[in-house]
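Following this note's numbering, the numbering of the sequence shown begins with 201 at its first residue and continues without gaps.
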Amino acid sequence: MQARLVVGVTGATGAIYALKLLQRARELGAETHLVITPAGVLNVHHELGLERHAIEALADHSYAPGDVGACLASGSFDAKAMVIAPCSMKTLAAVAHGLGDNLLTRAADVMLKERRPLLLMVRETPFNLAHLRNMTAVTEMGGIVFPPLPAFYHRPKSIDDMVVDTVERVLQTLRVPGAAPQRWDGLRGASAA
201 MQARLVVGVT
211 GATGAIYALK
221 LLQRARELGA
231 ETHLVITPAG
241 VLNVHHELGL
251 ERHAIEALAD
261 HSYAPGDVGA
271 CLASGSFDAK
281 AMVIAPCSMK
291 TLAAVAHGLG
301 DNLLTRAADV
311 MLKERRPLLL
321 MVRETPFNLA
331 HLRNMTAVTE
341 MGGIVFPPLP
351 AFYHRPKSID
361 DMVVDTVERV
371 LQTLRVPGAA
381 PQRWDGLRGA
391 SAA
């Protein structure tokens, strides 16, 4: 069966993660269900120069955030996992406090209540105490807090290399078959390369 992945996009910086994640999920044969907030649409346009329809075209299905009656709002919708890429601190707070005030946060709440993987690519620095407490709350509920911090041990040559490797790590964490992040083979392997 094809992996079914819910993808949320908020207005935090890092729209490139959503773009690359949707592209790679398609390559791996995952079925994607996209919810993008109005601020997410603004940021996709600002950072990538893309309109809503262009990012939605990368998903198999897309939904408006106000469509709280959509299939994603129910635990009977059998999604393998959900990722919010990028995840704003506002969305993190809504998830941490179970607000479910739109389809994106309701879908996240469903993932938590059904004990399915939920990964939040939180974007903000530095973190204040509210951010840290909200990340702790989500972690205690079973969510995965995954700031998109690049790895440098494989000596990336470009920003795209760093983004792609982070997306591969996210997909591997969510157990999407075929994800292939760079492997660390220890210092011996690194010096041989």
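The beta carbon of each residue, even a glycine, is placed where N, CA and C say it ideally should be.
Given the structure is predicted, the values throughout are model-derived calculations rather than measurements.
Cβ-based burial, residue i [other Cβ within 10 Å; buried from 16]
i    : result
S288 : buried
R315 : exposed
D360 : exposed
H246 : exposed
R224 : buried
L221 : buried
A330 : exposed
Coarse secondary structure for residue i, derived from DSSP in three states
i    : result
V376 : coil
E251 : coil
V268 : coil
G208 : strand
Where the beta strand (DSSP E) through residue i begins and ends
i    : result
Y263 : H261 to Y263
A285 : A281 to C287
H233 : E231 to I236
The alpha helix (DSSP H) enclosing residue i, as first and last residue numbers
i    : result
M311 : L303 to K313
R316 : Looking at the DSSP string, R316 is not in any alpha helix (DSSP H), and its letter there is neither H nor E.
L221 : A215 to E227
R333 : L329 to E340
Contact under 8 Å by Cβ, residue i with residue j
i    : j    : result
N243 : A293 : no
R204 : D278 : yes
G240 : Q202 : no
Could you say if the stretch 244 to 251 and the stretch 279 to 287 meet the contact criterion of at least three C-beta pairs nearer than 8 Å? Segments in contact, no.
Would you check if there are 3 or more beta carbon pairs closer than 8 Å linking the stretch 204 to 213 to the stretch 350 to 360? Flag = no, the stretch 204 to 213 and the stretch 350 to 360 do not touch.
Touching by the beta-carbon criterion (3+ pairs, under 8 Å), the stretch 299 to 310 and the stretch 261 to 268: Verdict: yes, contact present.
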